[in-house]
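Following: one structure in structure tokens, then a few remarks.
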Amino acid sequence: MKRVASAILPIIAIDRKASKALHRQIYDSYRAAIVDGRLRPGQRIPSTRVLASEIGVSRFPVLNAYAQLLAEGYFESRVGAGTVVSKSLPEQLTSSEPPDTPRSATRSGTRAVAKRAPILPGIEAMPWMLNWGAFRVGQVAFDQFPLHIWSVLVTRRCRGMDAQSAHYGNLMGSVALREAIANYVKIARSVRCEAEQVMIVNGSQQALEIATRALLDSGSRVWVEEPGYRLARDVFAMNGCHLVPVPVDAEGLDVAAGIKKCRKAQAVFVTPSHQFPLGVTMSASRRLQLVDWAQHSGSWIIEDDYDSEYRYESLPIASLQGLDANSRVIYAGTFSKVLFPSLRLGYLVIPPDLVDRFHMCRRVMDLGPPTFTQEVLADFIEEGHFARHIRRMRVLYGELRRVLVDKLTQDLGSMVEVVGDEAGMHLAVMLQNGHCDIEVAKRAVRQNLSLWPLSPSYLGEARQGLILGFGATTMKEIPGAVRRLRNLLTTK
Ligand SMILES: Cc1ncc(COP(=O)(O)O)c(C=O)c1O
735 MKRVASAILP
745 IIAIDRKASK
755 ALHRQIYDSY
765 RAAIVDGRLR
775 PGQRIPSTRV
785 LASEIGVSRF
795 PVLNAYAQLL
805 AEGYFESRVG
815 AGTVVSKSLP
825 EQLTSSEPPD
835 TPRSATRSGT
845 RAVAKRAPIL
855 PGIEAMPWML
865 NWGAFRVGQV
875 AFDQFPLHIW
885 SVLVTRRCRG
895 MDAQSAHYGN
905 LMGSVALREA
915 IANYVKIARS
925 VRCEAEQVMI
935 VNGSQQALEI
945 ATRALLDSGS
955 RVWVEEPGYR
965 LARDVFAMNG
975 CHLVPVPVDA
985 EGLDVAAGIK
995 KCRKAQAVFV
1005 TPSHQFPLGV
1015 TMSASRRLQL
1025 VDWAQHSGSW
1035 IIEDDYDSEY
1045 RYESLPIASL
1055 QGLDANSRVI
1065 YAGTFSKVLF
1075 PSLRLGYLVI
1085 PPDLVDRFHM
1095 CRRVMDLGPP
1105 TFTQEVLADF
1115 IEEGHFARHI
1125 RRMRVLYGEL
1135 RRVLVDKLTQ
1145 DLGSMVEVVG
1155 DEAGMHLAVM
1165 LQNGHCDIEV
1175 AKRAVRQNLS
1185 LWPLSPSYLG
1195 EARQGLILGF
1205 GATTMKEIPG
1215 AVRRLRNLLT
1225 TK
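Each residue of the sequence shown is one higher than the one before, starting from 735 at the first, in this note's numbering.
Structural data, given as structure tokens:
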């Protein structure tokens, strides 16, 4: 029920049912009235007793609100003269608009913003990103995650918390997690690494930002895969780098084409184990060519190894970092695919001579990753749950991919061409019949399908296709979802 102190000033709106405290409501009403110009400097304010009785509340909240307004300089009070709106408030900084004028949506004055910050398309322009239907890219089968074990580890760590663990942690990340990761990537990914080189980050996205700040300048030329991972491109572009799109074919990044376009680039960004979005694996000869080019041109290789744990026809492919004897590779890994993305934990393996530089760049971005989650994750890895989870998920995702490819081949036939290796949690299909992928993706949302169009992954001339995630799409859902996709492709 709203009551208004109409006999004094028509500004104090009190709502007793609101969750906001009464003193805060009184304070906010006065402050808004002063900033809007409804109360002018020097204007008298009723006493706390009068206002309390007028709006029907006890004096305590009114006293509290007045004390705050006096402390912040909105009110002033003099003995014998009562309380007034502070006379020192500059008239021109309080609005003279009549009280009921709605606030203008535009603002006056120069509003200069950074020139290099590109205008990225808003999420509304990409309705597939907001849809939770079948084939959503990047979504994991969370119902298979051993939440009961995770909860036990969380509770145990929580009980053991003390003042030291509540303080800032190590800027490079918790020692236990860095050691667990170093052991894991050495064995599972053939990465050359000691725990001192591992930096825990807030996902590979932050890894890229730190690497860019540590290694590149505005104007630096960076090879990026064409088509490639848009969120990586955005990091380089935001930092003023000049992007050089290098084509990807069945063997991965075409190194010779890159050299022809721009021999002297400061860095290259690659996803060699499972190219995003086409899903191809970089051949051994291309890997050797890339490492050789980097050594001769003094370039850095930024390797994004985001889902290489999942390979279904062979053992996981060894990392590019492990091939390089000259410490030119900055290796980024993430737990977003192997565990779940909201964990926001990933890692960098940094060449030993660059660790201090990366450390400094990270310090200006945040003061380290959250200690608690890192400790829980270190326990999860050390106690064997991580390796067990990966083994189980490899079987499940492999099966999902097989069923999906069979269904696509059966139901869509020559309408699409499935590309990429048997790996990861997504695959790409090329559209054959002159369809526009963005249009298809928009229409798909109405069919409860979350399809990413392929064309925005290109910087130059684009091919039309769709990226389909299968991590969280169940066996049962696949036949119906593929049927809906066929209907979309047979109607325009
Ligand atoms: C190519 C690529 N790299 C990295 C990631 C993961 O990023 P993050 O670790 O920041 O969640 C993704 C997620 O979809 C990806 O597609």
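Using N, Cα and C, we set each Cβ at its ideal position, and we do this for glycine too.
Remember, it's a predicted structure, so these values are computed and weren't measured experimentally.
Roughly how far, in whole angstroms, is the beta-carbon of residue i from the beta-carbon of residue j, given that I think they are within contact range, below 8 Å?
i: F1069; j: L1077; result: 5 Å
i: G962; j: I934; result: Actually they are not in contact, since the Cβ atoms of G962 and I934 sit about 25 Å apart, beyond 8 Å.
i: G867; j: L1183; result: 5 Å
i: L881; j: F1114; result: Not quite, the Cβ-Cβ distance comes to about 11 Å (not below 8 Å), so this is no contact.
i: F869; j: L1079; result: In fact, because the Cβ distance is near 26 Å, the residues do not count as touching under 8 Å.
i: L977; j: R967; result: 6 Å
i: G1013; j: G1154; result: 2 Å
i: L905; j: H1093; result: 6 Å
i: F1074; j: V847; result: Actually they are not in contact, since the Cβ atoms of F1074 and V847 sit about 35 Å apart, beyond 8 Å.
Does DSSP put residue i in a helix, a strand or coil?
i: L1202; result: strand
i: F876; result: helix
i: D1058; result: coil
i: Y761; result: helix
i: E1173; result: helix
i: L1101; result: coil
i: P1006; result: coil
i: T817; result: strand
i: E943; result: helix
i: E1116; result: helix
i: D1041; result: coil
i: E1109; result: helix
i: P1187; result: strand
i: V1179; result: helix
i: P833; result: Its pLDDT being 48, under 50, P833 is placed unreliably in this model, and the coordinates cannot settle the point.
i: L934; result: At residue 934 the sequence reads Ile, which differs from the Leu that was named. Three-state result, I934: strand.
i: F1092; result: helix
i: A766; result: helix
i: I1051; result: coil
How far does the beta strand (DSSP E) with residue i in it reach, from first residue to last?
i: M1164; result: H1160 to L1165
i: I789; result: Element bounds for I789: not the beta strand (DSSP E) but the alpha helix (DSSP H), T782 to I789.
i: R1021; result: Taken as a continuous stretch (DSSP letters only), R1021 belongs to no beta strand (DSSP E), being part of the alpha helix (DSSP H) at A1018 to S1031.
i: E1151; result: V1150 to V1153
i: A747; result: A747 to D749
i: A1066; result: V1063 to T1068
i: R812; result: F809 to R812
i: Y1081; result: G1080 to V1083
Just curious, the alpha helix (DSSP H) that residue i is in, first and last residue?
i: L803; result: R793 to A805
i: F1120; result: H1119 to L1146
i: R1217; result: E1211 to T1224
Under the criterion of a Cβ to heavy atom distance below 6 Å, does residue i qualify as lining ligand 3?
i: P979; result: Ligand 3 is absent from the structure shown, which contains only ligand 1.
Can you tell which of the options has the C-alpha that lies nearest to the C-alpha of residue i?
i: G1102; options: S787, A786, I944 and S1189; result: I944
i: A1018; options: S1033, P981 and D1058; result: D1058
i: L1024; options: V1014, R870, E1037 and L1079; result: E1037
i: D877; options: L1219, V1216 and A1206; result: A1206
i: V1004; options: R778, G1067 and S954; result: G1067
i: V1150; options: T1224, A848, E806 and R923; result: T1224
i: L1049; options: C975, L1012 and R1125; result: R1125
i: R778; options: A897, V818, A805 and S811; result: V818
i: Y764; options: A752, G807, P1187 and R1217; result: G807
i: D1039; options: Q802, Q1055, S1033 and D1026; result: Q1055
i: R1218; options: T889, V932, V1174 and S1061; result: V1174
i: S1061; options: C927, K995 and Q873; result: C927
i: M993; options: D1090, E985, D1026 and P1011; result: The question names Met, but residue 993 is Ile in the sequence shown. Among D1090, E985, D1026 and P1011, the Cα nearest to that of I993 is on D1026.
i: A1157; options: E1109, V1216, Y1192 and V1072; result: V1072
i: Y1044; options: I768, L1130, R1020 and H757; result: L1130
i: G1032; options: R955, L1161 and A1121; result: R955
i: H1030; options: A999, V847 and R845; result: A999
i: A1001; options: V791, Q1009 and V989; result: V989
i: L1088; options: A914, T946 and L1134; result: T946
i: Q1108; options: E1133, R1020, N936 and A991; result: N936
i: A1215; options: K1176, L1138 and R1197; result: L1138
i: P1011; options: A1178, P775, V1152 and C975; result: V1152
*asked:* To test your reading of the DSSP string, which unbroken alpha helix (DSSP H) runs of 4 or more residues are found completely within the segment 947-991?
replied: Annotation note: the segment 947-991 contains the following uninterrupted alpha helix (DSSP H) runs of length 4 or greater, listed N- to C-terminal: 964-972.
_alpha helix (DSSP H) segments (min. 4 residues) lying fully within the segment 851-930_ = 881-893, 897-900 and 909-923
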